[in-house]
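Data block below; observations after.
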Amino acid sequence: MRSLRALFSRLSTATETNLLPSSSLSHLHFSRSLFSSEQCLGDPAAEAAAHLESCADPEDLVQTHAHVLRAHLLRAPFHWNALMRCYLRLVRPRTSLLLYAQMSRSGTVPDCYTLPLALKAVALLFALPAGRQLHCTAVKLGLDKHEFTESGLISLYAKAGVFDWAMKVFDQNAQRKLGSWNAVISGLAQGGRLAEAVDMFVELRRSGLVPDDVTMVSVASACGGLGDLGMAQQVHKCLLQAGRSGRLDVMLSNSLVDMYAKCGRTDLAGKVFSRMASRDVSSWTAMIMGLAVHGEEVAALDFFRAMQQEGVRPNQVTFVGLLSACAHGGLVEEGINYLEAMAEKYSLEPTVAHYGCVVDMLGRVGRLVEARAVVERMPMEANVVIWGTLLGACEKHVNVEVGEWAARNLLELEPWNDGVYVVLSNIYAAAKKWGEVERVRRLMWERRVAKAPGYSSATVSA
1260 MRSLRALFSR
1270 LSTATETNLL
1280 PSSSLSHLHF
1290 SRSLFSSEQC
1300 LGDPAAEAAA
1310 HLESCADPED
1320 LVQTHAHVLR
1330 AHLLRAPFHW
1340 NALMRCYLRL
1350 VRPRTSLLLY
1360 AQMSRSGTVP
1370 DCYTLPLALK
1380 AVALLFALPA
1390 GRQLHCTAVK
1400 LGLDKHEFTE
1410 SGLISLYAKA
1420 GVFDWAMKVF
1430 DQNAQRKLGS
1440 WNAVISGLAQ
1450 GGRLAEAVDM
1460 FVELRRSGLV
1470 PDDVTMVSVA
1480 SACGGLGDLG
1490 MAQQVHKCLL
1500 QAGRSGRLDV
1510 MLSNSLVDMY
1520 AKCGRTDLAG
1530 KVFSRMASRD
1540 VSSWTAMIMG
1550 LAVHGEEVAA
1560 LDFFRAMQQE
1570 GVRPNQVTFV
1580 GLLSACAHGG
1590 LVEEGINYLE
1600 AMAEKYSLEP
1610 TVAHYGCVVD
1620 MLGRVGRLVE
1630 ARAVVERMPM
1640 EANVVIWGTL
1650 LGACEKHVNV
1660 EVGEWAARNL
1670 LELEPWNDGV
1680 YVVLSNIYAA
1690 AKKWGEVERV
1700 RRLMWERRVA
1710 KAPGYSSATV
1720 SA
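According to my numbering, the residues represented by the sequence shown are 1260 to 1721, in order.
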């Protein structure tokens, strides 16, 4: 409630044009030719709303926004919705939510399309308190069980990690539509509750509702994350039974490729890939990532070359797959070339994930001094994954100097991590530095860091 009140408070002291991004105030003069008398054959407000539906340019949006404000064209929920939807499409959720607050203050009552837009904006902003207030508004207006609002509430709570609230909304409506099922399944899958997502899919099929592409993309993602090949094949079979084998869209086909690749069946992933009528960068990247993870490094690099020949431009995720393939295959020079090509050839800035792959690649072959140099030259701070990777490589190749450096930095981030002390002690022991081994044990005792107890299990055969 406080979140929306804060928005209302800000709006009460602002002019209408304050809703526009400050960086775009120079564009407030609206081009009259955009809505000339020749073009506006009907209601000017409806014409403006129709224009917003196809607006894809931020500058154009700002000009259109200025026009509708000056011409007082925001008369009905439909007009507000069109403007909110356009800001969301251009990933400006804050402005979209401010518009909702302005709409509420104007006395215009939101309809069944307004609240889902506001809920989406809130979800993108992770503004859960504002979402709770929107939920109260939906109940007050009797819109909480409308399909779009209900699925919006479920998605909001799931993205916020409040799954009990999401399920409460879901369970309260016995006449729930497919959109609500999709919101639950997608939320569980994205929240890492993969088995529950699959269970919900099974319940959906038992309910008699027919899953759509959104359902199948979410459940395919869950199956891939679980590595559940049996369920993955059932999902694919479900599509075949629905007569979709010859007309799967790119997104759904990509999900199947990714699903099979994560289940370790790159052969089945390849079959789906080869049957695709059209492919985008995600199609190629899913194959490259799958092959890289499952030890088929040469095939992964071959796919990248084929991708280049097809004229498909790689993205940052593609290069994570390529560098991972180089790391697993010991292809150091190729990996370094790919890292350099990111910026030089494709104008892509390497992220911490890319540098992590390079550190792993160098560490696996014992080139630890070079790995340290990569970490020192990174434009961002190394994370625990990079420090842990480097420390593990130092244990493998018994490099005391770099190992001490990695352990010191890792302990700054995770002083409670007993594994760091154990690995450092192992490095000292391998180098026969027994005094240092004792020092590490004493340090653990002084800092009250307890080593996790090990255990063994016995298998009894009949």
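No residue lacks a Cβ here, since even glycine has one placed at the ideal position from N, Cα and C. On a predicted model such as this, the values are computed, not experimentally measured, just so you know.
Can you give me the C-alpha to C-alpha distance between H1405 and D1423, rounded to a whole angstrom?
20 Å
What is the DSSP secondary structure of E1555, counted as helix, strand or coil?
coil
Quick one: Cα of R1351 to Cα of T1408, how far?
Their backbone Cα atoms lie some 20 Å apart in a straight line.
Output the boundary residues of the alpha helix (DSSP H) element that contains F1532.
T1525 to S1533
Using 10 angstroms around the beta-carbon of V1478, count the other beta-carbons present and answer buried if the total reaches 16, otherwise exposed.
By the neighbour-count criterion, in which a residue is buried when 16 or more other Cβ atoms sit within 10 angstroms of its Cβ, V1478 is buried.
Just to check my reading of the structure: G1420 and G1450 have Cβ atoms closer than 8 Å, yes? What is that Cβ distance to the nearest angstrom?
6 Å
Is the Cβ-Cβ distance between I1413 and A1425 less than 8 Å?
yes
Does the distance from the C-beta atom of L1649 to that of V1682 stay below 8 Å?
no
Looking at C-alpha atoms only, which residue of V1628, E1569 and R1344 is the closest neighbour of R1538?
The residue from V1628, E1569 and R1344 with its alpha-carbon nearest to that of R1538 is E1569.
Quick test of your reading: H1553 and G1588, contact by CB under 8 Å. State the CB separation rounded to the nearest angstrom.
About 12 Å; that fails the 8 Å criterion.
Kindly examine the ligand HEM and report whether one of its heavy atoms sits closer than 7 Å to the Cβ of D1517.
Ligands displayed in this structure: none; no statement on the ligand HEM is therefore possible.
Assess contact between the region 1599–1607 and the region 1625–1635, defined as three or more Cβ pairs (one per stretch) separated by less than 8 Å. Is contact present?
The region 1599–1607 and the region 1625–1635 do not touch, with fewer than 3 CB-CB distances between them shorter than 8 Å.
Can you list, in chain order, the residues of its chain with a C-beta nearer than 8 Å to that of N1432? Leave out the 5 residues immediately preceding and following it.
K1404, E1409 and S1439
Check this for me: beta carbons of V1661 and L1702, under 8 Å apart or not?
Cβ distance not < 8 Å, so V1661 and L1702 don't count as in contact.
What's the gap between the Cα of N1441 and the Cα of V1461?
12 Å
State the Cα-Cα distance for the pair C1371 and C1395, rounded to the nearest angstrom.
14 Å
Buried or exposed: where does E1671 fall if 16 or more other Cβ atoms within 10 Å of its Cβ makes it buried?
exposed
Measuring only the C-alpha atoms, how far is V1576 from T1544?
7 Å
M1475 and V1494 - do their beta-carbons sit closer together than 8 Å?
Yes, Cβ-Cβ distance for V1494 and M1475 is below 8 Å.
On a CA-only basis, which of G1366, S1365, G1411 and G1467 is nearest L1387? Give me that one, please.
G1411
From what residue to what residue does the alpha helix (DSSP H) around A1612 run?
V1611 to R1623
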